[in-house]
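Beneath this line is the structure, given in structure tokens, with notes to follow.
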Ligand SMILES: Nc1ncnc2c1ncn2[C@@H]1O[C@H](COP(=O)(O)OP(=O)(O)OP(=O)(O)O)[C@@H](O)[C@H]1O
Ligand SMILES: [Mg+2]
Ligand SMILES: [Zn+2]
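Protein chains in written order, with the UniProt record's numbering: chain A, 1 to 201; chain B, 1 to 374.
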């Protein structure tokens, strides 16, 4: 039943696994690519090849870049602020960078604590965060305003207790249940400016 | 009293046994009649999804799509309000486990946003055993009443239950104490909000019932919550309750680990209802008396919601005429007039609704389709 042969069917199936795409939109995307083979499909294929060869996960912060440590971690201008922003995913890091929040550094947790999904502290980069913490004057926990995000923020606050580093979180401009990646840039930079201290419970 | 808010148009797409269906309504009550399996309850369920939660059957969103469809379902409604017409909609795409909400053509941030336009209360045959059945059902009923008044309540309850499952799992796995503490802190925040929302709502409802005691054809209810703590009273300030619960859960970890669940919390209380005039527990009444008590309670709550929010809730009354004698039936129809809202009623026999006369529009349903007025 494969329309257009196994190569095309496989391409559709792979694309359908991408977030935000289903089988129907994957099929549309592939047809679009085929129709514009030279203008789109060939350059896309080449760009994918180059990205596969170049992509690196930063050993320091977890960002995705073509070098490790990444450009953000090696940028000397980001030293001064002393601000470390902790995010769940690389998408959140990029959202904050797009919002132009300033000369800061980041730490990507790689998810949130979720007992029902079997994700514990050891599955996130919390130990690495504890190791980096002393080098900063303030850590901002910019996790999503979901139940799991907030639990993770409280847990990290408790783990950092006694480190002497000031710990804050985004202000409640972030809608409850909201995910950073979906916020408009104005709301996001507003929430960072109005960040509040985490009380260690 | 003409309702201030009227559901004037309803559209279903691949919802249960409706493939596509549209209904245009005037400012009157709606009576749906048809044989078993026609789709009467399904239509009420569709309307109930215009409020927070999972609707009147508490079904998973992924089960709502019509069999044989691609898995996407949608319910859209147009509401006439004092501020003009509003378009509301909700639905899921294929394979989605959550649902989306749209208001006037834009995505709503949260389902609670619908509560600015309408509130909904319902009575279904599944509630017939409410007073004799398990406490969990009564708690759910109470939480639905509270949510109609305080829309965020539903989310607090959902989050609390999720956090509690996380805590139980972590206890079982002997998880990191700091992690447990972070979860218990969040549970305590929700639990305190849940407790005070319930208590405030019941106090107001009881006050309103006391004002009108003996006035209506429906018995008055005495309402109470069982104790949250066996050994002490609940602190008066929400912050104090939060701190206390957090401390108790931390102390009780070994106990709860052995029990395999969280033994203390707002998920353990019962909602006790008494037939006030007879001073008798609701569970001891006859079938018809229990139904009358339930109807009286829901009607009183509808009045309370209108008083406190300015929005008279729509009433979804599934098989409402069953178990009611003709006098009570007529009394119910008269009581609906005073509420200034639209009620949506179902039954297999149109004769049961004859006393409504011109106050209602009757529509026949068959196999997921609407027929003309009989
Ligand atoms: N997802 C679905 N897809 C298709 N049909 C469904 C789906 N879910 C339920 N149904 C069918 O919808 C039909 C109508 O159900 P509904 O409960 O609305 O009937 P009713 O008119 O209230 O009947 P009764 O008088 O027995 O209460 C049932 O036959 C049921 O099997
Ligand atoms: Mg039914
Ligand atoms: Zn880096």
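Glycine included, every Cβ here is placed at the ideal spot set by N, Cα and C.
Buried or exposed (CB count within 10 angstroms, at least 16 for buried), residue i
i                      : result
residue 52 of chain B  : buried
residue 307 of chain B : exposed
residue 88 of chain A  : buried
residue 40 of chain A  : exposed
residue 77 of chain A  : exposed
residue 386 of chain B : In this structure chain B extends from 1 to 374, so residue 386 of chain B is not present and cannot be described.
residue 227 of chain B : exposed
residue 276 of chain B : buried
residue 80 of chain A  : exposed
residue 15 of chain B  : buried
residue 238 of chain B : exposed
residue 1 of chain B   : exposed
residue 103 of chain A : exposed
residue 153 of chain A : buried
residue 170 of chain A : buried
residue 67 of chain B  : exposed
Nearest neighbour of residue i, chosen from the options [CA to CA]
i                      : options                    : result
residue 56 of chain B  : B:125, B:87, B:175         : B:125
residue 91 of chain A  : A:79, A:123, A:106, A:83   : A:106
residue 340 of chain B : B:354, B:348, B:365, B:305 : B:305
residue 30 of chain B  : B:367, B:357, B:368, B:366 : B:357
residue 104 of chain B : B:159, B:77, B:119         : B:77
residue 365 of chain B : B:348, B:244, B:59         : B:348
residue 110 of chain A : A:131, A:86, A:49          : A:86
residue 83 of chain B  : B:287, B:259, B:310, B:121 : B:310
residue 138 of chain B : B:363, B:284, B:278, B:272 : B:272
residue 189 of chain B : B:206, B:342, B:247        : B:247
residue 343 of chain B : B:47, B:38, B:170, B:278   : B:47
residue 149 of chain B : B:312, B:230, B:252, B:23  : B:312
residue 338 of chain B : B:249, B:20, B:359         : B:359
residue 352 of chain B : B:283, B:34, B:108, B:42   : B:34
residue 3 of chain B   : B:27, B:17, B:23           : B:27
residue 399 of chain B : B:268, B:345, B:333, B:367 : Outside the shown range of chain B, which is 1 to 374, sits residue 399 of chain B, and nothing can be said about it.
residue 122 of chain B : B:178, B:179, B:165, B:50  : B:50
residue 370 of chain B : B:6, B:7, B:38, B:13       : B:38
residue 74 of chain B  : B:67, B:100, B:177         : B:100
residue 116 of chain A : A:142, A:17, A:148         : A:148
residue 266 of chain B : B:212, B:192, B:361        : B:192
7 Å Cβ cutoff, residue i in contact with chain B
i                      : result
residue 147 of chain A : yes
residue 107 of chain A : no
residue 74 of chain A  : no
residue 66 of chain A  : no
residue 115 of chain A : yes
residue 95 of chain A  : no
residue 196 of chain A : no
residue 158 of chain A : yes
residue 168 of chain A : no
residue 125 of chain A : no
residue 154 of chain A : yes
Neighbour flag for residue i against chain A, beta carbons, 7 Å
i                      : result
residue 98 of chain B  : no
residue 183 of chain B : yes
residue 159 of chain B : yes
residue 178 of chain B : yes
residue 253 of chain B : no
residue 169 of chain B : yes
residue 250 of chain B : no
residue 277 of chain B : no
residue 162 of chain B : yes
residue 166 of chain B : yes
residue 186 of chain B : yes
Own chain, CB closer than 6 Å to residue i, minus 5 neighbours either side, in chain order
i                     : result
residue 89 of chain B : 76, 102
residue 33 of chain A : 40, 41
residue 45 of chain B : 55, 56, 57
residue 80 of chain B : 6, 8
Own chain residues within Cβ distance below 8 Å of residue i, not counting five before or after
i                      : result
residue 176 of chain A : Residue confidence is low: residue 176 of chain A scores 48 on pLDDT, short of 50, so the model does not pin down where it sits. No coordinate-derived value is stated.
residue 54 of chain B  : 60, 61
residue 172 of chain B : 257, 260
Proximity test, Cβ basis, 7 Å: residue i and chain D
i                     : result
residue 19 of chain A : Of the chains in the structure shown, none is chain D; the protein chains are A and B.
Cβ shell of residue i (< 7 Å), same chain only, five flanking positions each side left out
i                      : result
residue 66 of chain A  : 54, 55, 56
residue 185 of chain B : 246
residue 287 of chain B : 323
When a residue counts only if its C-beta is closer than 6 Å to some heavy atom of ligand 3, which residues count, in chain order?
Near ligand 3, meaning a beta-carbon closer than 6 Å to one of its heavy atoms, we find A:58, A:60, A:61, A:63, A:69, A:70, A:72, A:73.
Ligand 1: which residues have Cβ under 5 Å from any of its heavy atoms, chain order?
Ordered along the chain, the selected set is B:16, B:17, B:36, B:37, B:38, B:39, B:40, B:41, B:42, B:66, B:67.
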